[in-house]
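S.K.: Sequential numbering from 1 applies to the sequence shown in my numbering. For glycine and all other residues, C-beta sits at the position ideal for the given N, C-alpha and C. Computed from a predicted model, the values in this text were never measured in an experiment.
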Amino acid sequence: MAADLTWLEQADLSRRNTLGLPGKARFLAVVRSEAALHEVLSSVPAARLPVTIWGGGSNIVLQGDVDGLVIVMAIAGIRVCSREGDDVLLAAGAGESWHGLTRTTLAMGLSGLENLSLIPGTVGAAPVQNIGAYGVEIKDVLASVRAWDRETSQWVTLSAADCGFAYRDSVFKSVAPGRYIITEVTFRLSASLQPTLRMGYGDIRQWHEQQGIVRPTANTVAQAVIAIRSSKLPDPARIGNAGSFFKNPVIPVAQADQLRQRFPALVGHVQPDGVKVAAGWLIEQAGWKGLRRGAVGVHDRQALVLVHEGGGRGSELLALAADIRASVHEMFGIELEQEPVILGRP
Ligand code: EPU
1 MAADLTWLEQ
11 ADLSRRNTLG
21 LPGKARFLAV
31 VRSEAALHEV
41 LSSVPAARLP
51 VTIWGGGSNI
61 VLQGDVDGLV
71 IVMAIAGIRV
81 CSREGDDVLL
91 AAGAGESWHG
101 LTRTTLAMGL
111 SGLENLSLIP
121 GTVGAAPVQN
131 IGAYGVEIKD
141 VLASVRAWDR
151 ETSQWVTLSA
161 ADCGFAYRDS
171 VFKSVAPGRY
181 IITEVTFRLS
191 ASLQPTLRMG
201 YGDIRQWHEQ
211 QGIVRPTANT
221 VAQAVIAIRS
231 SKLPDPARIG
241 NAGSFFKNPV
251 IPVAQADQLR
261 QRFPALVGHV
271 QPDGVKVAAG
281 WLIEQAGWKG
291 LRRGAVGVHD
301 RQALVLVHEG
311 GGRGSELLAL
321 AADIRASVHE
331 MFGIELEQEP
341 VILGRP
């Protein structure tokens, strides 16, 4: 067996998902090269069983064992593809850690990823749900994606437009799930270290004011994001979580106006398609913030984050999520949509 491929059977997944939920994979292959990926895809388990691609497991609710083949994408490598003035194209292997990539690019003097600091997970998983934070989404800085197309059995290069990005969504997640296996992502970055992207986000501006920084750089923005995230979001290395558990719902302007009459403090931002309401605010108003139910609960500093303290099961977390959705619906008439993907047999 090649050194860039590791096969396991009945592999424990509990340390491979940031919620720390229990479950096993019948077969698990860790691939560290495109050749290893090919070898796995032409194996007997891949021909006979459903295949799931796995990154850092930071957007997964594991409800139990995964009966098929899990391919853990571990292709490494970061390289500059081209440089023209301040414009730099940089490619990263799908198995690189996302936060590691943001640190590396800043150390190389490149800006573009700073607002997306400290997001758990891998580079290959980032386009799947179009990760976003503090006014920036990966779609804003992504040049292209290299992937194996399982439908046509070909290598393809998809442009940002091909990826069909939307809020926490892409073709990889909703239109053609399972079709593409991302092996490399190329970014359009800038060698200027100017904070390229939106300083307008309140928390980031306030952090700079508090620090007395008048001329922000990409590095100070990254510091701000790290400080803000650390103060609100639980560290998955210490408390099991999958970041935001629900999307922020977008509701019609008329519905938001009506709700504001009953709830003047409603937190929402007008967008082209309606009003995006802070789901964390809705959940907090419904009384869930900081609540514990056995091994699972709602984070005490950010109600949009569900936590698992250890010893629980995916079904307990999903039952809690269902109760939260029902009570938010009852109180506000708003349907919350879950963000992480559910995997495994209940
Ligand atoms: N809020 C509350 N109570 C809470 C939480 C939030 O009232 O318990 C209100 C506050 O008014 C706050 C507002 O909601 O000002 C927004 O909260 P926050 O800035 O924490 O952001 P969010 O809308 O809850 C989104 C993303 C996060 C991202 C942050 C920062 C989604 C689903 N989540 O959260 O992304 O880090 O903005 O940009 O869009 C993730 O997707 O996993 C994630 C963490």
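Are the beta-carbon atoms belonging to T220 and Q194 less than 9 Å from one another?
M.R.: Reading the sequence shown from its first residue, position 220 is the one you call residue 220. Reading the sequence shown from its first residue, position 194 is the one you call residue 194. No, the Cβ-Cβ distance between T220 and Q194 is not below 9 Å.
S.K.: Label H299 either buried or exposed according to how many other C-beta atoms from any shown protein chain fall within 10 Å of its C-beta, with 16 as the threshold for buried.
M.R.: Working through the sequence shown from its first residue, we reach residue 299 at position 299. Per the 10 Å Cβ criterion, buried.
S.K.: What residue ranges within the segment 98 to 130 form continuous alpha helix (DSSP H) runs of no fewer than 4 residues, ordered along the chain?
M.R.: DSSP runs (the alpha helix (DSSP H)) wholly in the segment 98 to 130: 98 to 107.
S.K.: Let me check one thing: in DSSP terms, what residues is N241 bridge-paired to?
M.R.: Walking along the sequence shown from the start, residue 241 turns up at place 241. DSSP output for N241 lists V307 as bridge partner(s).
S.K.: Between which two residues does the alpha helix (DSSP H) harbouring A35 extend?
M.R.: Here residue 35 is taken as the residue at index 35 of the sequence shown, counted from 1. Looking at the DSSP string, the run of the alpha helix (DSSP H) that includes A35 is 34 to 41.
S.K.: Just to confirm, are V377 and S97 a CB contact at a threshold of 9 Å?
M.R.: Residue 377 falls outside the range modelled here, since the chain spans only 1 to 346, and no answer is possible.
S.K.: Consider the C-beta atom of W139 and the heavy atoms of ligand 1; say whether any pair is separated by less than 8 Å.
M.R.: Position 139 of the sequence shown, counted from the first residue, corresponds to residue 139. The question names Trp, but residue 139 in the sequence shown is Lys. No - ligand 1 has no heavy atom lying nearer than 8 Å to the Cβ of K139.
S.K.: For I213, which residues of its own chain have a beta-carbon under 8 Å away from its beta-carbon, when the five flanking residues on both sides are left out?
M.R.: In the sequence shown, counting from the first residue as 1, residue 213 sits at position 213. For I213, where only same-chain residues beyond five positions count, the Cβ hits under 8 Å are T220.
S.K.: Under a three-way DSSP split, which group does H269 fall into?
M.R.: Taking the sequence shown and counting its residues from 1, the one referred to as residue 269 is at position 269. In the structure shown, H269 sits in a strand (DSSP, three-state: E or B).
S.K.: From L189 to F27, what does the alpha carbon distance come to, in whole angstroms?
M.R.: Here residue 189 corresponds to residue number 189 of the sequence shown, with the count starting at 1. Here residue 27 corresponds to residue number 27 of the sequence shown, with the count starting at 1. Approximately 38 Å, taken between the alpha carbons.
S.K.: Can V267 be considered in contact with ligand 1, in the sense that its beta carbon sits closer than 8 Å to one or more heavy atoms?
M.R.: Numbered from its first residue, the sequence shown carries residue 267 at position 267. Yes - ligand 1 has a heavy atom lying nearer than 8 Å to the Cβ of V267.
S.K.: Roughly how many whole angstroms lie between the Cα atoms of A222 and I131?
M.R.: On the sequence shown, residue 222 is found 222 positions in, with the first residue counted as 1. On the sequence shown, residue 131 is found 131 positions in, with the first residue counted as 1. Cα to Cα, A222 sits roughly 16 Å from I131.
S.K.: Mind checking whether the beta-carbon of A256 lies closer than 8 Å to any heavy atom of ligand 1?
M.R.: Residue 256 sits at position 256 when you count from the first residue of the sequence shown. Flag unset: Cβ of A256 not near ligand 1.
S.K.: For a quick check, are the C-beta atoms of D67 and R345 less than 9 Å apart?
M.R.: The residue you call residue 67 lines up with position 67 of the sequence shown. The residue you call residue 345 lines up with position 345 of the sequence shown. A contact, by the Cβ cut-off of 9 Å.
S.K.: Give me the Cβ distance between N347 and L306, rounded to the nearest whole Å; I'm assuming they're in contact under 8 Å.
M.R.: This structure gives no information on residue 347, because the portion of the chain shown stretches from 1 to 346.
S.K.: Within this structure, are the beta carbons of T122 and E114 separated by less than 9 Å?
M.R.: Residue mapping note: residue 122 aligns to position 122 of the sequence shown, counting from 1. Residue mapping note: residue 114 aligns to position 114 of the sequence shown, counting from 1. Taking 9 Å as the Cβ cut-off, T122 and E114 do not qualify as a contacting pair.
S.K.: Can you say whether W155 is buried or exposed, counting buried as having 16 or more other CB atoms within 10 angstroms of its CB?
M.R.: As a first step, residue 155 is located in the sequence shown; it is residue number 155 there, counting from the start. Flag for W155 reads exposed.
S.K.: How many Å lie between R48 and L343 at the Cα?
M.R.: Start at 1 with the first residue of the sequence shown, and residue 48 comes out as number 48. Start at 1 with the first residue of the sequence shown, and residue 343 comes out as number 343. Each residue's Cα considered, the two are about 19 Å apart.
S.K.: Would you say the segment 306 to 318 touches the segment 56 to 72, given that touching needs at least three Cβ pairs under 8 Å?
M.R.: Yes, the segment 306 to 318 touches the segment 56 to 72.
S.K.: At a cut-off of 8 Å, would you count E335 as near ligand 1, judging by its Cβ distance to the nearest heavy atom?
M.R.: Counting from 1 along the sequence shown, the entry for residue 335 is found at position 335. Not under cutoff, so the answer is no.
S.K.: Taking only three categories from DSSP, how would you classify A25?
M.R.: Taking the sequence shown and counting its residues from 1, the one referred to as residue 25 is at position 25. Residue state, collapsed to three classes: strand.
S.K.: Should S231 go down as buried or exposed, given a rule of 16 or more other Cβ atoms within 10 Å for buried?
M.R.: Numbered from its first residue, the sequence shown carries residue 231 at position 231. Answer is exposed; the Cβ neighbour count stays below 16.
S.K.: Along the chain, where does the beta strand (DSSP E) that runs through W148 open and close?
M.R.: Position 148 of the sequence shown holds residue 148. 142 to 149 is the extent of the beta strand (DSSP E) around W148.
S.K.: Using a threshold of 9 Å, state whether the C-beta atoms of S117 and H99 are closer than that.
M.R.: In the sequence shown, residue 117 corresponds to position 117, counting from 1. In the sequence shown, residue 99 corresponds to position 99, counting from 1. In contact: S117 and H99 (Cβ atoms closer than 9 Å).
S.K.: Could you please give the first and the last residue of the uninterrupted beta strand (DSSP E) stretch that includes I71?
M.R.: By one-based count along the sequence shown, residue 71 stands at place 71. Element bounds for I71: 66 to 73.
S.K.: With 16 as the cutoff for other CB atoms within 10 Å, does P127 come out buried or exposed?
M.R.: Counted from its first residue, the sequence shown places residue 127 at position 127. Its Cβ being crowded by 16 or more others within 10 Å, P127 is buried.
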